[in-house]
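Below: the structure, in C-alpha cells.
Number of protein chains: 2
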Amino acid sequence: MSDFKTPLRDMQFVLHEMLNAEQVLSALPSMEAVDAAIIDQVLDESGKFMGSVLAPLNAVGDEQGCTLNDDRSVTTPDGFADAYRQFVEAGWSSLSADPAFGGQGLPACVQIPVNEMMFACNQAWGMFVGLSQGAYKCLHTFGTPEQKQTYLTKLGAGEWTGTMCLTEPQAGTDLGLLRSKAEPQGDGAYRLTGQKIFISAGEHDLADNIVHLVLARLPDAPAGTRGISLFVVPKFLPDENGEAGERNAIYCSGLEEKMGIHGSPTCQISLEGATGWLVGEPNKGLPAMFVMMNEARLGVGLEAQGLSVGAYQKAVAYAKDRIQGKSPVVPRDKDRPADPIIQHPDVRRMLLTQKAYIEGQRAMAYWTALLVDEAEHHPDAEHRKQAHALVELLTPVVKAFLTDNALICTNLAIQCLGGYGYIREYGVEQYFRDARIKPIYEGTNGIQAMDLLGRKVLMDGGERLQLLSRHIEQDIAAASQTHPDKARAVGELLEQTGEFTRWIGGQVQDSPAEAPAAAVDYLRAMAHLIVSSLWLRAAHIATTRLEAGDDRAFYQSKLDTADFYFARLLPEAHYHLQAGRAGAASLMSLAEEAF
Amino acid sequence: MSDFKTPLRDMQFVLHEMLNAEQVLSALPSMEAVDAAIIDQVLDESGKFMGSVLAPLNAVGDEQGCTLNDDRSVTTPDGFADAYRQFVEAGWSSLSADPAFGGQGLPACVQIPVNEMMFACNQAWGMFVGLSQGAYKCLHTFGTPEQKQTYLTKLGAGEWTGTMCLTEPQAGTDLGLLRSKAEPQGDGAYRLTGQKIFISAGEHDLADNIVHLVLARLPDAPAGTRGISLFVVPKFLPDENGEAGERNAIYCSGLEEKMGIHGSPTCQISLEGATGWLVGEPNKGLPAMFVMMNEARLGVGLEAQGLSVGAYQKAVAYAKDRIQGKSPVVPRDKDRPADPIIQHPDVRRMLLTQKAYIEGQRAMAYWTALLVDEAEHHPDAEHRKQAHALVELLTPVVKAFLTDNALICTNLAIQCLGGYGYIREYGVEQYFRDARIKPIYEGTNGIQAMDLLGRKVLMDGGERLQLLSRHIEQDIAAASQTHPDKARAVGELLEQTGEFTRWIGGQVQDSPAEAPAAAVDYLRAMAHLIVSSLWLRAAHIATTRLEAGDDRAFYQSKLDTADFYFARLLPEAHYHLQAGRAGAASLMSLAEEAF
C-alpha cells in the first residue's frame, strides 16, 4: 500500500487561515455554497483516493513505460486504465468542470490542491488528467456552442481525454516556425497534415476518444506567429449522437524514450489528412493557445509541487528511520552507537529546505488559483480585472519557481537517502527524473522569466506590479508588531525589487538584450519576494493563534519553518538581484567561436 | 564517431601558464624530465583515444547496463571489455604507476587531466579504471613489500582491477557500524565473512582478476571506528607465479538498479569465508582507508568535471546549430525568421555558467594534483608538508564543489536543448543521471563540508587556511593593477571567509551543532574564494599576454569568461556566508514530529 499522507492540515492553513477562501468564494455567485467543510471533505477524500489507487502504480508506470503497437495504438502500464476508470467513476474528473456541461463546478482553489496530491502520487498518470483539464479550458473559452456541447460533456465526464499539439521538430519555443497545414474542405471542416512531436497523452488506452487541439496554418496565412490557427481534431469523429465514430487520420508514429515520466506516452503525432474544425478565429490560434497555456503553466507548477511533496514525504520517513552517526545535540550514550539521521543538523537543513519551499509555494499557488476563481466569477468587473492582472503576473512565477525548486527539493530528498536515494528500490530517484521535464515544457523557465519581466511587468508600466506590491505591503503592515525583523526583510526586498524594475525599465529602450539578460534572476528574486510575504503572513497568523493558545505544536512548527526560510533561503534573493544587474554585456561579449 | 573535443588549449593554459607545472615538476627528482612537450603529447594522445574508443560506448553502456549471470559472474555492455583491452595495450593504465613496479611514473597533474577526458567520454567505463587507481594508491602506501610486488605490478599493468569494499546495509556514512568479520587462520591469512553493498566494479569481465580492498573486524576488535581493519581479498588467489589461481569465496550476489552509470556494475558482495590478508596494522583500517579516500575524493571531483565537460560540449554544439527565435542583438532581417539560440542572452547565461565553472574548477583540481605531486616527491620535507596540508584542505572542496556543480552544469546543458535535452536520443540527459551519484559517494557532500570545516580548518587552529590565504594574497597582489575590481572582490571574500571562520571557531566549544549546521554553506563560500582567486590569476595572465599581442582570441575569451564569473557567479558566495551564519537553532528548533 501507499504511504502517501494527505497534507490536510497544511492545506487547511493556507486555504482557510491565510487566504480565507470560504469568504472569498462566498462573493462568487456560482460558488457561494462552497464552504470550508466541503473543501475539507473533497481534500480528504481525494487524498485517500490518490494515495490508495494512484500511488501504488507510480513505480509500475516508471518501470513498464508505454508501448507503441504495430497498429499505432499505445498500451499504458498495467493498472493505469483501471485506475482511470475508478477515477472517472468516483467523479474526480468533473470536479471543477462547468455545471452547464455536467460538471460539479468546484473552484480552482479546490482543484489545484487535488491536482497537487494526484501529482504527488503518480506524476505520469496525472498528466492524462492535467492535459484534459487544459483542453477543457481552451474549448470552454474559445469553442462554438456546438463544440462545447460535443466536447465539454465528454471531457468533463472523463470519457474522452485531451491533448495540446503545438511543438514540431523545427518549432519548439518558437512556434512561429511551425508548418502543419489546414486546408478548408468547404463544409466547415479542415483537412490537416503535418508532424507534431512531444505530444503528451497523444495516444493511449485510457479513454474512448482523444480530443487533440492542434496548431496549424491556413493556406493563405501570414508567416510567423500571426498565421497560426487552432483546430480541434478528435481521434474518432463524433457521430450524430455525439459518440466516438469514424477513426480520424491522426496517428501516433513514435514514442520518445526519455529520462522520466515513463508512464506518460510522449508521442510523435502524424496528421495524415485528418479532419478538424477551427476553434476561435482564423490566424488567432496562438493568442487562444496562450490563454489556455496560462492555466496549463499554473498546472505544471502544481505537477512540480506534487513531486516535491512526494519526495519529501519519503525523505522524512527515511530520515526518522535510518540510524547513522552520532548527533551533536543528543547526549552521548554508550548503548546507542548512532542516532536517527533526522537529528543531524545538515539532514535537517536539507529537509527544512524542502518543507519551507513546499509550504511557501503552496500558499503562492493556492492564492493564484483563488485569484483565477475571482477573475472568472466575481460579479464586479473591476475586481475581476484586478484578479486577472495578478494571475497574469503570478503564473510565470509559479511555473518557474515551483519547477526549478522541484529539482532542488527532489535532489535534496535523494541526498537525504545517500546511496539508497540513487537506486530504484527506494523510489525517490524517480521523482527527480520525473521532475526534470518540468522546467522545460509549457514554455521553458527562461521563457517564463521573459514573459514576467517583459510582458507582465514592463509592458503595462508596472501596473500589475503595483497591485502585487499593495498586497505585500498589507502583509508587512499586519506583521510589523508581531514579526518586525521579518517584516523589514520583506520590505527591503520589495524596495530593491522595485529599484531593479525601474533600472531595467530604463535600459530596455536602448538595449533590447538587457531584459532577457536579467529575466531569470529577476524572476527568482520576485518569487522570493512573494513567498517571503506569504511566510510573513503565516508567521503572523501563527503568533496570533499561539497567543490565543490554539494547537501549539502546529503553529510553533509554522514559526520555526518561517524562521528557517527567512534565515537560510530568502537571502538568495539578494544574490539574484546582484547577478541580474550585471547587465547583458557580461553575456554577449564572448565570441561565439570561444564557446 | 565521437564528437568529443580535447580541451587541449584550456588544459595547457592551466598547467603551463597558471601553474607552471614544468617548473614545479623540475624540482621533483623522479619527475624532472616531465616537460611541457611530454605533457602536451600525453594529453593530446589520450584525448584522441578517449574520444574514439570510449565515447562511442557511452550510450551503449547506458542502454544495456550490466548483467548478473546465474554463475554470479557479471557481463559488461558490448564493447566495454574490448575497449579495456585497447586501453591497457596502449599503456594508459600504467601512466602514473610507480616505475618500481613497471609504471610510467607520470605525475598526478598529468593523470588528472587524462582522467577528466576519460570521464567526459564514458563515465561508467572510466569508473573501472578510477577504482583501480584508488586500490593501487592504497596498497602502494600501506601494503607489505610482498603485497606490493604481487598486486601493484598487475594493477599497474591493468591485468587486474581493484575495488573498495566499505559500505554495508547498516553502515554507510557511519562505517563504525560495520559488521563484516575477519578471523585469523594461523598462517597469516584471514577468513572473511559478511555482506557489502554499493561496490562499484565489484564483479565484471574486463580483467583476469579483481583485487578487493575490504574493511572488516578482527575477533577481538573494539566497537566503532577503532576496531576496523583493512584486508586485501583477491577474487582469484595469486598462485606461486603471482598469476590468478584458485577462485576465492567472494561473490557478487546482486546488482543495483539505479538512475545512471548503468555501465558500471554496482554490486552486492558476499564474503563467504573468503581468504584475505591484512593491509597495514590491525584496527587501523579506517585511517588507512581515509588516506586512499582522499585520493579517491579528488578522483570523484574529476569524474564530475568530466560529466560537466561532456554535457557542455554537446550543449554548445546544439546551441550553435539550433535556429529558434530572434536574438535581440542581431539586426532584424525578413529573410531570416530566427537565429541560432547561442545568440540569445539567456542561452549564453546557461552556457557561460558551465564554461566558467568548468574552467575555474579545472584550475583548482589541477593545482590540487600538482600539490599531490609535490607532497609526495619534493626533496624538502617542509615543502612536502605544506603541499600535503593544502591537499588536505583542497580535497573536500574539489569533491563537493565539482560534484554539486556537475548537477548544475549538466542540468543547464539539458535546459539548453529544451525538450530534446530530456530524451535519450540526444545523449545529454545521461550526463545528468550519471552525475547524480557523485555528491553521494566517497563521502556525501555534507560529510565533505564537515571534514573541511571541522578537521581541515578548525582542528589545526587555522594553519592550513593560513597557507591557502597566502596563495590567494599573492594572486590579489599580482593583479591589483591589471584587475583592481576583481582583486578587491577576492580580497573582500577572503576577509569575510576569515571572519566567518573566527566566528564559527568561537561557537564550537559550547555548541557542537554549530559547525555541522554551517559546514555546507562554508564549503561553498570557500570554493568560490579559491576559484575566484584562480580566475583572478587567469585574468591577470590574459591581460599580460594581450598586451604582448599574443593569441588575441584565446586570451580575450579568458577575460570575458572571468568577467562573467565575477559578475554572475561569485556573488553567490555572499549568500552562503549569510545563510551559514544563521546558526544551528534555525535547523534544530523544529520538533521531529513536525517534519
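Those sequence lines, one after another, are chains C and V.
Under the numbering used here, residues 43 to 637 are what the first sequence spells out, in order.
Under the numbering used here, residues 43 to 637 are what the second sequence spells out, in order.
Even for Gly, the Cβ is constructed at its ideal location relative to N, Cα and C.
Computed from a predicted structure; not experimentally measured.
From the options, residue whose alpha carbon lies closest to that of residue i
{"i": "V:Lys480", "options": "V:Met501, V:Arg114, V:Leu449, V:Gly460", "result": "V:Leu449"}
{"i": "C:Trp319", "options": "C:Leu257, C:Glu282, C:Gly287", "result": "C:Leu257"}
{"i": "V:Arg374", "options": "C:Ala263, C:Arg426, C:Pro554", "result": "C:Pro554"}
{"i": "V:Leu219", "options": "V:Gly204, V:Gln508, V:Lys238, V:Asp527", "result": "V:Lys238"}
{"i": "C:Leu629", "options": "V:Asp602, V:Ala626, V:Lys326, V:Glu635", "result": "V:Asp602"}
{"i": "V:Gly89", "options": "V:Glu467, V:Gly133, V:Met159", "result": "V:Met159"}
{"i": "V:Leu495", "options": "V:Gly463, V:Ala519, V:Thr543, V:Arg579", "result": "V:Thr543"}
{"i": "C:Cys180", "options": "C:Asn336, C:Ile311, C:Cys309", "result": "C:Asn336"}
{"i": "V:Tyr564", "options": "V:Ala491, V:Gly461, V:Gly228, V:Gly533", "result": "V:Ala491"}
{"i": "C:Asp216", "options": "V:Phe443, V:Gly461, V:Ser599", "result": "V:Gly461"}
{"i": "V:Ala633", "options": "C:Arg610, C:Arg594, C:Phe608", "result": "C:Arg594"}
{"i": "C:Val171", "options": "C:His58, C:Pro387, C:Gln191, C:Ser138", "result": "C:Ser138"}
{"i": "C:Lys190", "options": "C:Gly284, C:Asn111, C:Gly168, C:Lys277", "result": "C:Gly284"}
{"i": "V:Ala79", "options": "V:Ser72, V:Val66, V:Gln54", "result": "V:Gln54"}
{"i": "C:Gly107", "options": "C:Asp502, C:Gln472, C:Ile365, C:Gly352", "result": "C:Gln472"}
{"i": "C:Val95", "options": "C:Glu515, C:Asn487, C:Phe129", "result": "C:Phe129"}
{"i": "V:Leu110", "options": "V:Gly103, V:Thr118, V:Val76", "result": "V:Thr118"}
Expected contact under 8 Å - CB spacing of residue i and residue j to nearest Å
{"i": "C:Cys151", "j": "C:Ala63", "result": "5 Å"}
{"i": "V:His649", "j": "V:Pro187", "result": "Since the first residue of chain V shown is 43 and the last is 637, residue 649 of chain V is not available in this structure."}
{"i": "V:Gly214", "j": "V:Cys163", "result": "With 8 Å as the limit, V:Gly214 and V:Cys163 do not qualify as a contact, their Cβ atoms being about 30 Å apart."}
{"i": "V:Tyr293", "j": "V:Arg114", "result": "5 Å"}
{"i": "C:Val321", "j": "C:Leu272", "result": "5 Å"}
{"i": "V:Ala12", "j": "V:His582", "result": "Beyond the ends of chain V as shown, which are 43 and 637, falls residue 12 of chain V; an answer cannot be given."}
{"i": "C:Pro558", "j": "V:Pro370", "result": "6 Å"}
{"i": "V:Met406", "j": "V:Leu454", "result": "Incorrect: roughly 20 Å between the Cβ atoms, too far for contact."}
{"i": "C:Thr195", "j": "C:Leu248", "result": "With a Cβ gap of about 18 Å, C:Thr195 and C:Leu248 do not count as contacting."}
{"i": "C:Thr209", "j": "C:Lys223", "result": "C:Thr209 to C:Lys223, Cβ: 16 Å. No contact."}
{"i": "V:Tyr360", "j": "V:Cys451", "result": "Contact doesn't hold; Cβ gap of about 15 Å is too wide."}
{"i": "V:Lys441", "j": "C:Tyr464", "result": "With 8 Å as the limit, V:Lys441 and C:Tyr464 do not qualify as a contact, their Cβ atoms being about 16 Å apart."}
Whether residue i touches residue j by CB criterion (8 Å)
{"i": "C:Arg475", "j": "C:Gly315", "result": "no"}
{"i": "C:Ser511", "j": "C:Leu535", "result": "no"}
{"i": "C:Asn290", "j": "C:Leu279", "result": "yes"}
{"i": "C:Ala177", "j": "C:Leu197", "result": "yes"}
{"i": "V:Ala411", "j": "V:Ile154", "result": "yes"}
{"i": "C:Phe161", "j": "C:Ala398", "result": "no"}
{"i": "V:Gly200", "j": "V:Ser136", "result": "yes"}
{"i": "C:Gly533", "j": "C:Ala567", "result": "no"}
{"i": "C:Ala521", "j": "C:Leu578", "result": "yes"}
{"i": "V:Arg259", "j": "V:Gly244", "result": "no"}
{"i": "C:Met169", "j": "C:Ser72", "result": "no"}
{"i": "C:Leu349", "j": "C:Gln165", "result": "yes"}
{"i": "V:Val372", "j": "V:Asp381", "result": "yes"}
{"i": "C:Gly548", "j": "C:Leu500", "result": "no"}
{"i": "C:Asp517", "j": "C:Leu70", "result": "no"}
{"i": "V:Phe637", "j": "C:Val358", "result": "yes"}
Bridge partners - residue i, DSSP secondary structure assignment
{"i": "C:Phe273", "result": "C:Val256, C:Leu320"}
{"i": "V:Thr195", "result": "Partner(s): none; V:Thr195 has no beta bridge."}
{"i": "C:Glu515", "result": "According to DSSP, C:Glu515 bridges with nothing at all."}
{"i": "V:Arg233", "result": "V:Glu225, V:Thr317"}
{"i": "C:Gly296", "result": "C:Gln310"}
- Query: Between the region 590-604 of chain V and the region 568-587 of chain C, are three or more C-beta pairs nearer than 8 Å?
  - Reply: The region 590-604 of chain V vs the region 568-587 of chain C: no contact.
- Query: Do three or more CB pairs link the region 44-53 of chain C to the region 80-95 of chain C at distances below 8 Å?
  - Reply: Counting Cβ pairs under 8 Å, three or more are found: they touch.
- Task: Could you say if the region 86-103 of chain V and the region 123-134 of chain V meet the contact criterion of at least three C-beta pairs nearer than 8 Å?
- Result: yes
- Message: Quick test of the definition: if touching needs 3 or more C-beta pairs under 8 Å, does the region 338-345 of chain C touch the region 478-497 of chain C?
- Response: yes
- On the three-pair Cβ rule with 8 Å, is the region 503-517 of chain C touching the region 427-438 of chain C? yes
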